[in-house]
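Residue numbers (my numbering), protein chains in the order written: chain D, 16 to 312; chain A, 193 to 956; chain E, 9 to 165.
All C-beta atoms, glycine included, are put in the ideal place defined by N, C-alpha and C.
As the structure is a computational prediction, the values presented were derived from the model and not from experiment.
Encoded as structure tokens, the structure appears first; notes follow it.
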Amino acid sequence: MSFTIATTLDDALAALAAGARPVAGGTDLVVGARHGKAPLPEHLVAIDRIAELKTVTETADGVSIGALVSHHQIETHPLLTTAYAGLADGSALVGSPATRHIGTLGGNIMNASPAMDTGAPLAVMLAEVELRSVRGTRRVPIEALWSAPGRTGAEPDELCVAVHIPAPDPRANTAYVRLEYRRAMEIAVVGAAAFVALADDGTIAALRVGLTAVAPTIFTGNLLGQVGRSVADAAAAAAALSMEHSTPISDVRASEAYRRHTVGVMARRAVEAAARRAAGETIAIPVNRAIGIGAAS
Amino acid sequence: MTATPTATKPAPRFVRADGPDKVTGSGRYTADLTLTGALAAKFKYADVTHARITKLDVSAARAMPGVFAVLTQADVPSVKFGPFVQDRTLFADGTVRFEGEIIAAVAAVDAATADRAVAAIVVEYSPLPVVNDIEGALAADSPLVHAEWADYGSILVRDRNDASFASIAKGDVEQGLASSHLVVTSRYVADGCHAAPIEPRAVVAQWEGNKVTIWTSTQVPFDARAGVCETLELPNNRVRIIVPHLGGGFGGKCGFHYEAHVAALARVAKRPVRLVFSRREEFVAPDRRREGIVYEFHTGVDADGRIVARKAWLAIDNGAYTADAGFFSQLAAMHALGPYRIPNALAEAHLVYTNHQPSGSVRAPTAPQTCWALESHTDEVARAIGLDPVAFRTLNAVDTGAEGPSGQTYGEIGVQQCIEAAAAGAGYGNPLPDDEAIGVAIGWWPSFSVPSGAYVKIDGDGSGQIITGAQECGTGAVMTLRQLAADELGMDPEDFELVYQDTSVAPYDMGATGSQTLFNNGRAVVAAAGQIAEQLRNLAADRLEASPADIVLADGTASVAGSPDRGVPIAELAGIAAGGELLIGHGSGMPPGPPPTVGSTCVGDLGMSAWVAPQFSCHAVRVKLDRDTGVARVMHVSAAHDSGTIINPIGAQGQVEGAVLMGIGQALTEGTTYDDQGRQRNAALLEYKLQTAADAPPIAVHFVEINTPDAGPRGAKGLAEAPNVATAAAISNALAQLVGAPVRQLPMTAERVWTALTEQAAQS
Amino acid sequence: MSESIHLTVNGVAYPVTVDQGRNLLSVIRTEIGLTGTKEGCDDCECGACMVLLDGQPVNSCSYLAVQAQGRAITTVEGLADGDALNVLQRNLLETGGVQCGFCTPGMLLSATALLDRTPNPSDEEVRIGLSGNLCRCTGYAKIVAAVQLTAAELRNG
């Protein structure tokens, strides 16, 4: 086994090209190895000290978030908690405070769990993932990145270096909510993110919904049919469509029927919260706690 | 009545003697210990739940380099053990009956080597039919968990899979039900759950000559010693059990667990051996988890809402071995009748073998789930007769001088004050939002009166030591002993150091179980300190030329009553004593005997139908329900308790707060689910969800303090278990209001609540 | 494969030789010999193993020891001011926030990190800040009270 610490992106990419696997916070990797899910890779390169991957940069087109930006950074970042609030909702729900400090956005995305909390909000924002290797750089729409539970379309030598999110219209915003049985230390039973853009008259100008833990990968729907309709109607439609298009499993956390029902509830709440934010209202991060689990908003 | 709210009494500053060790990290727990040359122990578990072993080959494991010992049942004395039914052996003896049954144990140079050796053990099975259903196990044609059940030694009433039958009968229940104005019938099902202390258990054993010292994370060191001596056929005085700091127990670390396996490994390996459990092992292997129970209730009331008759039937999941659950049937029967005035009562309880993990005493065994079922049923009865739930309980609950369901007549008790205080503390009756409701439940729990011993000594410099057999599991009960000794001797608690948790040093105590530490060991310490007080009075009387009867011990000084200037420091008297008769007290005191019962008969009687110094409680819990998802959140808990005199207010509050939160977990998120083979599906902390700091509601604690005769020191009753009894029940009664019907399975998970909501919607 | 590294724990640099797959928790407990950091679940679910890494809370059970090179590791043993308990330790003890003590080290470190970044926390912020540390004894009430008491004392100097 080998372990190297990369301090520059080039070092990290060279190590990947030589067959190493990246480790940032290491939580998923180390826990997974000890629980026999997958042995620790033979060659590891620590990427957590690469400063250039830890920045949040506002660009002309939107925002670029380095792959090593932590969930804690996201949940407290002035720009991300306002214009990209749905992502902050997701990051604020990840694991525990410790997990949020050590866990990175890139790690969350590349782990490709259908239950990840940042995936659905990023997908409804039409985020793109920047993958880099010694061979070059490419951008992949995030929803296309995930191919199966725990699998992405990234090549073994490619490193996720950033996530790029297009700037929302002034009358648009996002929200992410999830079903949880406790108020902390949870994993999404189901979850839903919504991107809502409002027309001047308060009707829907654009609506996308992304769903968590109800299919092998996170997926989104662009609800074109809701354009011009009221938020309430669109939220109801989003709920119905989410239930219809989900293919949830039954497991120890929930039955298929309960997941199907609750993903509709989550979709409706995500649309309602995103619409309120799009209309200029501030809802604290994360929406889950702001509206209170156990309390309809 | 002497009801005193704690709020009016300033809590004395109480700093635990073990506190500095715990906040600095210097305190050592069992897994923190290492001994030179220590080997790592690992177990080979069955993983299948019911099968005959057709082949067991450990030769490859034994041959591995670095492996010092591999043991199976063939390598230890052929002893069947169990406190109520001798139905178990240290290792599987031809048949496995649950997934966590130990097939073999390995000691190797390190954990990785031990793991490889475990993997090299070859076991082949011939499957047997799995008993996975509690009620089904009672059917005449059910497969037997123990085909040889009739050959086992036991003191219980048993039949096939029914490992312990008990009933409590009073009056004529059929006649009572027939003559009732109205009879309500209910069925409830409680899933099993876990103690889940944060410290996984650990054992270290080392032999020197023919004596073994075992450091272990047990709540009951003397019981652990007895288990080692019985199974390895050793005399008590060659086995020494030492408990380092103990990281919580809640009953999960009661009983005898693995000390003998590790000692046997160490003897064969001729090296110290150390076992540390993983969290998964902590969930799956011990014979201590809270039992699942199936309930049926019939309660008849008259037109005014007075209970005329109650009939209860219970099937309790014993799991694969009986462990200490033998008394559960009678205890659960009492809880199924509840702290009510019931002229005609019949409770019948069966403790049923299944191929699940064995049940055992977890914090107030059988009580929280039985209270949940009974009190949910009670609200159904109140609703049916048109009485407010609080009014129904006020009308029917026992009271001072009243006769309980088994014919015990109570002295001064505070159950009615508890109802009043809990309801008031919750704002019961005030308007609430549409998605909130307050549920109320009452509970009870015995104090356990058993023998217990302690020594107290004062050394020549005036510093004291309390040498006690009592076990500290975190509650602070042992810590509070300093206060009792100090008060008896007119000294400061900080004058005393505690020596505890060593079976070769201190006299017997039952351990941190049954909320009994302060009740019984407190009595012992007071008795031991009393002997020293008498010595001090005699010494002081000589010195001060007064009568011993006139000597007062206070503020570290022995002085003549009425003449505070005629005094001598206790430290000085201790110095005198050191030159002559030493200041050594030993005590146990006589435990209060059981109260009589009148008019009831019990089958399978184990002394659980009449309770010494019974404790009472009422919890009123405000719950908020998200009707779209079934997710409930507890917003506020008002907990009122009659546990007699409160000796250590901060510690007592901490017991109530912790037990209430455990009760919230039991109510909403903590329940074991099994696969179709009886294996646990959620043996991990992500899927078995303890409440977090973010979930914990404000908890208002109110003590109804009654100086109870025939109880513990100063009229104190037990405390650690009682506050765990009524919380889940109160939550259930709040949820039933919000749902429109009871949620009939525990835990009342979000999905189960949602299902109940859906069924309600379909009916209306 | 083993590697010789230095780990800096509570301001002291320890030379250790560790297998690259070892987690930080076992190295702190075994090679470095500080057993205040506990193992409760092996799964990032209980917080008993929490340490601070450059002041931030980390579950050391799920962090590679070799990755902690060059970072400042703080364990519970590093909190006291010499022989004197620090204000948080003292308050936790005096409010009754310690029972069995097994969650206490992790709880203290989470609270330390919380008060460092949020000197004036709301009760909700304290509860969320401590939500990664499971306690089975106390119901958390006295722990939250101790953290708030400490925040007030630190604010008032």
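Task: Spatial distance of residue 641 of chain A from residue 153 of chain E (CA atoms) - done: Distance from the CA atom of residue 641 of chain A to the CA atom of residue 153 of chain E, rounded to whole angstroms, is 35 angstroms.
Task: Inside the region 758 to 810 of chain A only - alpha helix (DSSP H) runs reaching at least 4 residues - done: Runs of the alpha helix (DSSP H) inside the region 758 to 810 of chain A: 762 to 770.
- [ ] Take residue 903 of chain A as the anchor and find which of A/448, A/779, A/806, A/523 has the nearest alpha-carbon.
- [x] Ranking the options by Cα distance to residue 903 of chain A, first place goes to A/806.
Open item on the list: Can you tell me whether residue 883 of chain A is helix, strand or coil according to DSSP?
Closed with: When secondary structure is reduced to three states using DSSP, residue 883 of chain A falls in the coil class, being assigned neither helix nor strand.
Open item on the list: Mapping the DSSP letters down to three states, classify residue 854 of chain A as helix, strand or coil.
Closed with: Here residue 854 of chain A sits in helix by DSSP.
TODO: Can you say whether residue 707 of chain A is buried or exposed, counting buried as having 16 or more other CB atoms within 10 angstroms of its CB?
DONE: Buried, since its Cβ has 16 or more Cβ neighbours within 10 Å.
TODO: Could you list which residues in chain A have their beta carbon closer than 9 angstroms to that of residue 194 of chain D, in chain order?
DONE: Residues of chain A passing the Cβ test: 821, 823, 942.
TODO: Would you mind working out which of A/643, A/361, A/457, A/450 sits nearest residue 398 of chain A, comparing C-alpha positions?
DONE: Selected option, being the one with the closest Cα: A/457.
- [ ] Quick one: grab the DSSP three-state call for residue 588 of chain A.
- [x] Judged by DSSP in its simplified three-state form, residue 588 of chain A adopts helix.
- [ ] Run the CB neighbour count on residue 555 of chain A, radius 10 Å, all protein chains shown included, and call it buried at 16 or more, exposed below.
- [x] Buried, since its Cβ has 16 or more Cβ neighbours within 10 Å.
TODO: Would you please verify whether the beta carbon of residue 178 of chain D is less than 8 angstroms from any beta carbon of chain A?
DONE: No, residue 178 of chain D does not count as interfacial toward chain A.
- [ ] Assign residue 73 of chain D to buried or exposed, taking buried as 16 or more other Cβ atoms, counted over all protein chains shown, within 10 Å of its Cβ.
- [x] Exposed: under 16 other Cβ atoms inside 10 Å.
TODO: Less than 8 angstroms between the CB atoms is what I'm expecting for residue 40 of chain D and residue 122 of chain D, so what's the real figure, rounded?
DONE: Contact holds; Cβ gap of about 6 angstroms.
Task: residue 193 of chain A versus residue 603 of chain A - alpha carbon distance - done: At residue 193 of chain A the pLDDT is 35, less than 50, meaning the model places this residue with poor confidence; the figure from the coordinates comes in the next sentence. If I take the Cα positions, the gap works out to 12 angstroms.
Open item on the list: Three or more C-beta pairs under 8 angstroms: does that hold for the region 559 to 568 of chain A against the region 853 to 872 of chain A?
Closed with: Yes: the two stretches touch, three or more of their Cβ pairs being nearer than 8 angstroms.
Task: residue 93 of chain E versus residue 86 of chain E - alpha carbon distance - done: Roughly 11 angstroms separates the two Cα atoms.
Open item on the list: With H, G and I counted as helix, E and B as strand and the rest as coil, what does DSSP make of residue 492 of chain A?
Closed with: Residue 492 of chain A: strand per DSSP, three-state reduction.
Open item on the list: With a threshold of 8 angstroms between beta-carbons, can residue 277 of chain D be considered close to chain A, or not?
Closed with: With a threshold of 8 angstroms between beta carbons, residue 277 of chain D makes contact with chain A.
TODO: For my contact list, residue 762 of chain A and residue 748 of chain A are in at a C-beta cut-off of 8 angstroms; report their separation, rounded to the angstrom.
DONE: At roughly 5 angstroms, the Cβ-Cβ gap stays under 8 angstroms, so residue 762 of chain A and residue 748 of chain A are in contact.
Open item on the list: Looking at the strands, I want to know which residues DSSP matches up with residue 31 of chain E.
Closed with: Per DSSP, the beta bridge partners of residue 31 of chain E are E/72.
- [ ] Taking only beta carbons into account, state which residues of the region 38 to 54 of chain E come closer than 8 angstroms to chain D, listed in chain order.
- [x] Against chain D - using a Cβ distance shorter than 8 angstroms - the residues of the region 38 to 54 of chain E are 50, 51, 52, 53.
TODO: Could you tell me whether the Cβ atoms of residue 197 of chain D and residue 881 of chain A are closer together than 8 angstroms?
DONE: Annotated as proximal: residue 197 of chain D and residue 881 of chain A, with beta-carbon spacing under 8 angstroms.
Task: Validate contact between the region 734 to 751 of chain A and the region 787 to 804 of chain A using beta carbons, cut 8 angstroms, 3 pairs - done: Flag = no, the region 734 to 751 of chain A and the region 787 to 804 of chain A do not touch.
Task: Beta-carbon spacing of residue 850 of chain A, residue 147 of chain E below 8 angstroms - done: Closer than 8 angstroms, so yes.
Task: Residue interval of the alpha helix (DSSP H) (run including residue 150 of chain E) - done: Taken as a continuous stretch (DSSP letters only), the alpha helix (DSSP H) holding residue 150 of chain E covers 149 to 163.
Open item on the list: Give me the subset of the region 32 to 47 of chain D whose CB atoms are less than 8 angstroms from a CB atom of chain A, sorted by chain position.
Closed with: Answer in chain order: no residues at all.
Open item on the list: Does chain A have any CB closer than 8 angstroms to the CB of residue 135 of chain D?
Closed with: Interface residue (Cβ-Cβ distance to chain A less than 8 angstroms): residue 135 of chain D is not classified as such.
TODO: Tell me the start and end of each unbroken alpha helix (DSSP H) in the region 213 to 279 of chain A that is at least 4 residues and wholly inside, in chain order.
DONE: As far as the region 213 to 279 of chain A is concerned, its whole alpha helix (DSSP H) runs of at least 4 residues are 251 to 255.
- [ ] Determine the contact status of residue 81 of chain E and residue 16 of chain E, defining contact as a CB-CB distance below 8 angstroms.
- [x] Yes, they are a contact pair.
TODO: Mind checking the region 112 to 142 of chain E against chain D and listing, in chain order, the residues whose C-beta falls within less than 7 angstroms of any C-beta there?
DONE: So the close ones are 118, 136, 137, 139, 140.
Open item on the list: Suppose contacts are defined by Cβ-Cβ distances below 8 angstroms. Is residue 306 of chain D in contact with residue 107 of chain D by that definition?
Closed with: With contacts defined as CB atoms closer than 8 angstroms, residue 306 of chain D and residue 107 of chain D fail to qualify as a contacting pair.
- [ ] Give me the Cα-Cα distance between residue 565 of chain A and residue 803 of chain A, rounded to the nearest whole angstrom.
- [x] Whole-angstrom Cα-Cα distance: 21 angstroms.
TODO: Put residue 197 of chain A into one of helix, strand or coil per three-state DSSP.
DONE: Bear in mind that a pLDDT of 35 at residue 197 of chain A, under 50, signals an unreliable position, so the model cannot answer this.
Open item on the list: For a quick check, are the C-beta atoms of residue 720 of chain A and residue 544 of chain A less than 8 angstroms apart?
Closed with: When the beta-carbon positions are compared, residue 720 of chain A and residue 544 of chain A stay at least 8 angstroms from each other.
Open item on the list: Just to check my reading of the structure: residue 931 of chain A and residue 952 of chain A have Cβ atoms closer than 8 angstroms, yes? What is that Cβ distance to the nearest angstrom?
Closed with: Indeed they touch by this definition, with Cβ atoms about 6 angstroms apart.
Open item on the list: When you compare the region 174 to 193 of chain D with the region 141 to 149 of chain D, are there three or more beta-carbon pairs, one atom per stretch, that lie closer than 8 angstroms?
Closed with: The region 174 to 193 of chain D makes contact with the region 141 to 149 of chain D; the number of CB pairs closer than 8 angstroms reaches 3 or more.
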